[in-house]
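Asks: Sharing a structure with you now.
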Amino acid sequence: MSLSRVENPCFLLFLAVFQAIFILILYRGGASSVFRGFLDAPQPWDYSKTQDVYTNLSWFTRAPNEETMPYCTAHSPIFVGPLTITFNAFPSEKMITKKNPFVQFGGSYSPPHCLARYKSAIIIPHKNQEKSLRHLLYYLHPFLQRQQLHYGIYLIQQAGNATFNRAKLLNIGVREAMKDEDWDCLLLHDVDLIPENDYNLYVCDEYYPKHMASAIDKFQYSLPYWSFFGGVSALTPDHYMKINGFPNTYWGARGEDDDIAARIQLAGMKIVRTPVHLGRYKMVDLEQHAGSEEHPRRPAPLHNTRKTWKDDGMNSVEFKLLSRKKHLLYTNITVDIGDAPTLPPEDKDRV
Ligand SMILES: *[C@@H]1O[C@H](CO)[C@@H](O)[C@H](O)[C@H]1NC(C)=O
Ligand SMILES: *[C@@H]1O[C@H](CO)[C@@H](O)[C@H](O)[C@H]1NC(C)=O
Ligand SMILES: *[C@@H]1O[C@H](CO)[C@@H](O)[C@H](O)[C@H]1NC(C)=O
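FYI, the numbering for the sequence shown is 1360 to 1710, going by the working numbering.
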């Protein structure tokens, strides 16, 4: 740096301001959060160089003796980073089943070669999206196996003709999944989002609800709005109960994000996000999605969450369980969740 630059008053002022900002960050977030920020700084992932999601998965073979099986390594030996995702071919159920020989009836899996350190339930709200579902299963099963997780995939199918109610289906999914097992983490997963990097771990943050789909291709790999909590998120059962689950009263349009963000705050928590270089997703590109490319606007909140959250959620979810069936690659829980209440006309445009 030249002497004249240092003496330049503008430059000195710039330095002073810069230092003040740095001290402010340290003061507000604590040193650890600053350093965590540095560690999370974008990795040099090259998304133009991708690997098949099934690469080296056949390394994982059954251990000779289950009793002496070691714990899985914390870092999976077969991670590759960016994955090749295309929707050109339509995978058959038979083919997916053949490529995933260790998946059990009902869509659950435990690593055959080691004891899993972590149990994750994947909960997918669903209504007439069979094509997207097939693509998701083709990618998600090997993706989760790469991470050496014990997992189960639950499809929560909304029966009838009523408008889709994603948040209510998720409440039901959490309740039904916890009947099977004491899951460590609940992954609330849209059917049409495929993760692009196998380092994007499907495990929960210990302290806070985690939003995982922070960069979706259809939204130019950026957040559509700050309270966005859609797509894929991960909460421990404890987080989920602390916020009384999700609101049951949002039908159709995705108005529930602000409500959920408010619940998290009211319960004394905050949202953490997977960094954008890692939380990358491709949206299944089918005709039915034509026209969804535009950036979604943040929908107007419907309710005063502060008043409603303790009465509307897990403790008030009502539904009729129509069937619970184990398919080859998932458990299909079909429910009747009733109809959206008919609104007075002046409220119609808000839903
Ligand atoms: C897969 O395994 C082979 C054999 O050990 C190894 O050489 C190769 O690097 C692995 N591929 C990837 C993408 O990690
Ligand atoms: C759903 O809509 C279809 C076609 O409009 C109709 O035939 C069917 O009876 C409806 N089902 C219910 C449960 O209302
Ligand atoms: C789930 O089960 C319901 C009821 O048996 C059935 O109508 C539906 O097709 C199933 N969906 C899938 C994707 O398996």
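Ideal placement from N, C-alpha and C gives every residue a C-beta, glycine not left out.
Which term fits M1454, buried or exposed, when burial requires 16 or more other beta carbons within 10 angstroms of its beta carbon?
Replies: Label assigned to M1454: exposed.
Asks: Relative to ligand 4, what is the chain-ordered list of residues with a Cβ closer than 5 Å to any of its non-hydrogen atoms?
Replies: Of the ligands this structure carries, namely ligand 1, ligand 2 and ligand 3, none is ligand 4.
Asks: Report yes if the CB atom of N1556 is closer than 7 Å to the CB atom of L1637, and no otherwise.
Replies: For N1556 and L1637, yes; Cβs fall inside 7 Å.
Asks: Compute the Euclidean distance between the alpha carbons of D1597 and K1478, then round it to the nearest angstrom.
Replies: The straight-line gap from Cα to Cα measures roughly 14 Å.
Asks: Can you look up H1598 in the DSSP assignment and give me helix, strand or coil?
Replies: Residue state, collapsed to three classes: helix.
Asks: What are the residues that DSSP puts in a beta bridge with S1695?
Replies: As written in the sequence, residue 1695 is Asp, which differs from the Ser given in the question. According to DSSP, which records beta bridges pairwise, D1695 is partnered with K1679.
Asks: From this set, T1667, A1536, L1474, which residue's C-alpha is nearest N1603's C-alpha?
Replies: Comparing Cα-Cα distances from N1603 to each of T1667, A1536, L1474, the minimum goes to T1667.
Asks: Just to confirm, are H1494 and L1514 a CB contact at a threshold of 7 Å?
Replies: No, the Cβ-Cβ distance between H1494 and L1514 is not below 7 Å.
Asks: Taking the straight line between their C-alpha atoms, what separation do you get for F1438 and F1502?
Replies: Taking the straight line joining both Cα atoms gives about 10 Å.
Asks: Using the C-alpha atoms, what's the distance from T1664 back to N1559?
Replies: Taking the straight line joining both Cα atoms gives about 31 Å.
Asks: Between I1444 and I1553, how many whole angstroms is the CB-CB distance? I'm expecting something under 8 Å.
Replies: Sure, about 5 Å apart at Cβ, within 8 Å.
Asks: Check whether the Cβ of T1414 sits closer than 6 Å to any heavy atom of ligand 1, and report yes or no.
Replies: Yes, the Cβ of T1414 comes within 6 Å of a heavy atom of ligand 1.
Asks: For F1712, count neighbouring C-beta atoms within 10 Å of its own C-beta (all shown protein chains included) and say buried if the count is 16 or more, exposed if not.
Replies: This structure does not reach residue 1712, given that the chain is present from 1360 up to 1710, and the question cannot be answered.
Asks: Kindly identify the DSSP beta-bridge partner or partners of R1632.
Replies: R1632 pairs with H1570.
Asks: Would you be able to state if there are at least three C-beta pairs under 8 Å between the region 1454-1474 and the region 1517-1529?
Replies: Touching, no, given that fewer than three Cβ pairs across the two stretches are closer than 8 Å.
Asks: For V1533, which of K1685, Y1689, M1673 has the nearest alpha-carbon?
Replies: It is M1673 whose Cα lies nearest to the Cα of V1533.
Asks: Using the DSSP secondary-structure output, state which residues sit across from L1545 in a beta bridge.
Replies: A1480, L1594.
Asks: Quick check on DSSP: helix, strand or coil for T1690?
Replies: It is a strand residue.
Asks: Pick out whichever of T1608, K1527, Q1506, H1509 has its Cα sitting closest to the Cα of Q1516.
Replies: Of T1608, K1527, Q1506, H1509, the residue nearest in Cα terms is K1527.
Asks: Apart from the five residues just before and just after T1409, which ones in its own chain have a Cβ nearer than 7 Å to its Cβ?
Replies: Same-chain partners within the cutoff: P1441, L1442, T1443.
Asks: How many Å lie between I1619 and A1699 at the Cα?
Replies: Cα-Cα distance, rounded: 19 Å.
Asks: Please return the same chain residues whose Cβ sits closer than 7 Å to the Cβ of Q1463, not counting the five positions on each side in sequence.
Replies: There are no such residues.
Asks: Within a Cβ cutoff of 8 Å, which residues of the same chain sit near I1580, ignoring the five residues on either side of it in sequence?
Replies: For the record, residue 1580 in the displayed sequence is Tyr; it is not Ile. A1574, V1635, R1639.
Asks: Does the beta carbon of V1562 fall short of 6 Å from some heavy atom of ligand 1?
Replies: Outside the cutoff, so no.
Asks: Can you tell me which of the three DSSP states Y1640 falls into?
Replies: Three-state result, Y1640: strand.
Asks: In this structure, how does DSSP classify R1493 when only helix, strand and coil are distinguished?
Replies: Here R1493 sits in helix by DSSP.
Asks: Contact check, D1644 vs F1449 under 8 Å by CB: the rounded distance?
Replies: Actually they do not touch by this definition, with Cβ atoms about 12 Å apart.
Asks: Buried or exposed: T1701, going by 16 or more other Cβ atoms within 10 Å of its Cβ?
Replies: So T1701 ends up on the exposed side.
Asks: I'd like the span of the alpha helix (DSSP H) that includes I1444, first residue to last.
Replies: Careful: I1444 lies outside any alpha helix (DSSP H) and carries neither H nor E.
Asks: Going by C-alpha to C-alpha distance, which of M1642, G1614, I1482 sits closest to L1545?
Replies: Taking only the C-alpha atoms, the option nearest L1545 is I1482.
Asks: For K1724, collect the residues of the same chain with a Cβ closer than 6 Å to its Cβ; drop the 5 residues on either side in sequence, then sort them by chain order.
Replies: Any question about residue 1724 goes unanswered here, given that the chain covers just 1360 to 1710.
Asks: Would you kindly check if the distance between the Cβ of L1681 and the Cβ of T1693 is under 7 Å?
Replies: Going by C-beta atoms, T1693 is nearer than 7 Å to L1681.
Asks: Does DSSP put I1455 in a helix, a strand or coil?
Replies: Helix.
Asks: In whole angstroms, what separates the C-alpha of G1589 from that of V1550?
Replies: Going by the C-alpha atoms only, they are around 12 Å apart.
Asks: Between which two residues does the beta strand (DSSP E) harbouring L1560 extend?
Replies: No beta strand (DSSP E) holds L1560; DSSP gives it neither H nor E.
Asks: Quick one: give me the first and last residue of the beta strand (DSSP E) that Q1517 is part of.
Replies: Note, Q1517: beta strand (DSSP E), 1509-1517.
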